[in-house]
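There are 2 protein chains.
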Amino acid sequence: MSENNRKGVLLVVSGFSGAGKGTVMKRLLEKYDSYALSISMTTRAPRQGEENGREYFFVDMETFEQKIKEKKVIEYARYCDNYYGTPREYVEEQLGKGKDVILEIELQGALQVKELFPDSVLLFIMPPSAAELYHRLVSRGTETEEVIRKRMRRAVEEAQDIEKYDYIVINDDLDTCVMHLHEIVESVHEEARRNRETIDRIRKELQELLKGE
Amino acid sequence: MSENNRKGVLLVVSGFSGAGKGTVMKRLLEKYDSYALSISMTTRAPRQGEENGREYFFVDMETFEQKIKEKKVIEYARYCDNYYGTPREYVEEQLGKGKDVILEIELQGALQVKELFPDSVLLFIMPPSAAELYHRLVSRGTETEEVIRKRMRRAVEEAQDIEKYDYIVINDDLDTCVMHLHEIVESVHEEARRNRETIDRIRKELQELLKGE
Numbered sequence: 001m002s003e004n005n006r007k008g009v010l011l012v013v014s015g016f017s018g019a020g021k022g023t024v025m026k027r028l029l030e031k032y033d034s035y036a037l038s039i040s041m042t043t044r045a046p047r048q049g050e051e052n053g054r055e056y057f058f059v060d061m062e063t064f065e066q067k068i069k070e071k072k073v074i075e076y077a078r079y080c081d082n083y084y085g086t087p088r089e090y091v092e093e094q095l096g097k098g099k100d101v102i103l104e105i106e107l108q109g110a111l112q113v114k115e116l117f118p119d120s121v122l123l124f125i126m127p128p129s130a131a132e133l134y135h136r137l138v139s140r141g142t143e144t145e146e147v148i149r150k151r152m153r154r155a156v157e158e159a160q161d162i163e164k165y166d167y168i169v170i171n172d173d174l175d176t177c178v179m180h181l182h183e184i185v186e187s188v189h190e191e192a193r194r195n196r197e198t199i200d201r202i203r204k205e206l207q208e209l210l211k212g213e
Numbered sequence: 214m215s216e217n218n219r220k221g222v223l224l225v226v227s228g229f230s231g232a233g234k235g236t237v238m239k240r241l242l243e244k245y246d247s248y249a250l251s252i253s254m255t256t257r258a259p260r261q262g263e264e265n266g267r268e269y270f271f272v273d274m275e276t277f278e279q280k281i282k283e284k285k286v287i288e289y290a291r292y293c294d295n296y297y298g299t300p301r302e303y304v305e306e307q308l309g310k311g312k313d314v315i316l317e318i319e320l321q322g323a324l325q326v327k328e329l330f331p332d333s334v335l336l337f338i339m340p341p342s343a344a345e346l347y348h349r350l351v352s353r354g355t356e357t358e359e360v361i362r363k364r365m366r367r368a369v370e371e372a373q374d375i376e377k378y379d380y381i382v383i384n385d386d387l388d389t390c391v392m393h394l395h396e397i398v399e400s401v402h403e404e405a406r407r408n409r410e411t412i413d414r415i416r417k418e419l420q421e422l423l424k425g426e
């Protein structure tokens, strides 16, 4: 749409560990200024090198539970006795500004978001093949055999639910993947159901013009 | 999708007379070789300069009605005692080859196609404003006042049903409009529901890999 007042799209991105989500998101944000990346909130302790407000917002259990009660998180999950979730304020603020907001979260969170924001778009990034996924995990050289096996098993689980996503994008070549992702978001903006205002405007203008005859 | 065996998308394009559909389609076909334009069949007589198989397939009433009976047209309408319709064979042949097939037809036909091919995508091309539509019709210099008024009235009617389309694209700048159209079609190819085979393949590969451990 060429309307200047277009509303932001809420984009939920998931993908197997090793599919290259992080790199894809980084490049997407560098390349286009229409996106804003949501930063999750967690109760786990910061790891070395992590900064509050960059990797995560680090809060204590009491604060997190208070925010859940006040409906100030739009999705959350509990792993290993820690909460992870998405603060509502930043997301709504950025959408209001017309930014396309990216949440990089897993399926359970994605489904919570879809329920709260039915207009959100769920996107799953896939490797071109399972062999390639395995290869990428191994070639990082930083993971133990045990961790790699765990991730592959996790991928099998996640693969059960890919149909619940709206789009799948294959990450074979980084730039192609980023381009496809951006194409999807741009085309989502052109869905008729998201452009009621433009349709109504043209409709009224047409009627005015004919009345003036 | 980077799969080579991707199936073609059936794309139904409508738009107000004067919105520039014809020019947009021409440019789209010149620019990308992934498209095939369906040619309609009609019982009206060819006008000067029209060629059988280029503007239309020209047939007689009996032939057309026989084709309707044999379900060899996927949509048709009758205007001014003449039939206009889309022959099925070409569409299915091109979709089978992986081509994205474009039907340039009006709403009634579009809805018939959507019913027969639920995976088809309905796209409406709009001028940036009603004033611009009027301006384009006038500046052609070929239409009488009477014809222009008739087209504007027709546009008011057509505007009632724009919500039935899947996407709207504004034709402000030709190249931008063509790019948007192409982006939409490319992103449609990445809908999860159109990629069951890829999802199943990766799923099986993942299971095989883990079995082999």
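Chains as they are written, first to last, in my numbering: chain A, 1 to 213; chain B, 214 to 426.
In this text, a Cβ means the ideal position worked out from N, Cα and C, and glycines have one as well.
CA nearest to the CA of residue i, picked from the options
i	options	result
A192(A)	K21(A), D119(A) and K99(A)	D119(A)
I397(B)	L329(B), L241(B) and T411(B)	L241(B)
R214(A)	S40(A), F58(A) and S187(A)	Outside the displayed span of chain A (1 to 213) sits residue 214(A), for which this structure offers no information.
L419(B)	E158(A), Y165(A), E205(A) and E186(A)	E158(A)
E75(A)	G49(A), H182(A), G15(A) and I39(A)	I39(A)
K239(B)	R349(B), Y296(B), D374(B) and D388(B)	D388(B)
K244(B)	G235(B), H348(B) and M392(B)	M392(B)
K204(A)	M365(B), E319(B) and D246(B)	M365(B)
M339(B)	N5(A), R196(A), S34(A) and R44(A)	R196(A)
S17(A)	E106(A), A110(A) and E208(A)	E106(A)
Q307(B)	E283(B), E399(B) and R219(B)	R219(B)
D60(A)	G49(A), L123(A), R44(A) and T23(A)	R44(A)
V237(B)	L335(B), R353(B), R362(B) and E317(B)	E317(B)
D374(B)	A323(B), T276(B) and Y347(B)	A323(B)
Alpha carbon of residue i to alpha carbon of residue j, nearest angstrom
i	j	result
G309(B)	E403(B)	18 angstroms
P341(B)	A232(B)	9 angstroms
V226(B)	R78(A)	47 angstroms
I412(B)	Y167(A)	11 angstroms
S215(B)	Q279(B)	Bear in mind that a pLDDT of 42 at S215(B), under 50, signals an unreliable position, so the model cannot answer this.
V351(B)	E345(B)	10 angstroms
K285(B)	L423(B)	49 angstroms
R194(A)	Y378(B)	12 angstroms
D465(B)	A36(A)	Residue 465(B) is absent from the structure shown; chain B starts at 214 and stops at 426.
R88(A)	T255(B)	57 angstroms
I315(B)	R267(B)	15 angstroms
I415(B)	T355(B)	57 angstroms
V188(A)	G98(A)	14 angstroms
A130(A)	A155(A)	9 angstroms
E421(B)	E163(A)	20 angstroms
H182(A)	C293(B)	45 angstroms
K363(B)	G262(B)	25 angstroms
G169(A)	L123(A)	Correcting the residue identity first, residue 169(A) is Val in this sequence and not Gly. If I take the Cα positions, the gap works out to 7 angstroms.
D246(B)	E358(B)	39 angstroms
R353(B)	Y56(A)	58 angstroms
Residue i classed as buried or exposed, judged by whether at least 16 other C-beta atoms fall within 10 angstroms
i	result
Q112(A)	buried
C177(A)	buried
G8(A)	buried
N265(B)	exposed
Q108(A)	exposed
K327(B)	buried
T86(A)	buried
I281(B)	exposed
V304(B)	buried
L11(A)	buried
N82(A)	exposed
G15(A)	buried
L116(A)	exposed
N171(A)	buried
V147(A)	exposed
D100(A)	buried
E70(A)	exposed
Span of the alpha helix (DSSP H), counted from its first residue to its last, around residue i
i	result
I361(B)	E358 to A372
G85(A)	Element bounds for G85(A): not the alpha helix (DSSP H) but the beta strand (DSSP E), N82 to P87.
F277(B)	M274 to K282
S17(A)	Looking at the DSSP string, S17(A) is not in any alpha helix (DSSP H), and its letter there is neither H nor E.
I412(B)	R409 to K424
V138(A)	A130 to S139
A110(A)	L107 to L116
Beta-ladder partner(s) of residue i, from DSSP
i	result
D313(B)	Y248(B)
E404(B)	Y167(A)
Y269(B)	N265(B)
L355(B)	Sequence check: residue 355(B) is Thr here, not Leu. T355(B) pairs with nothing; no bridge assigned.
T256(B)	DSSP output for T256(B) lists no bridge partner at all.
L10(A)	V101(A)
Enclosing beta strand (DSSP E) for residue i [first to last residue]
i	result
A77(A)	V73 to Y79
V121(A)	V121 to M126
Contact test: residue i Cβ vs the ligand ATP heavy atom, cutoff 7 angstroms
i	result
V24(A)	As for the ligand ATP, it is missing from this structure, which has no ligand bound.
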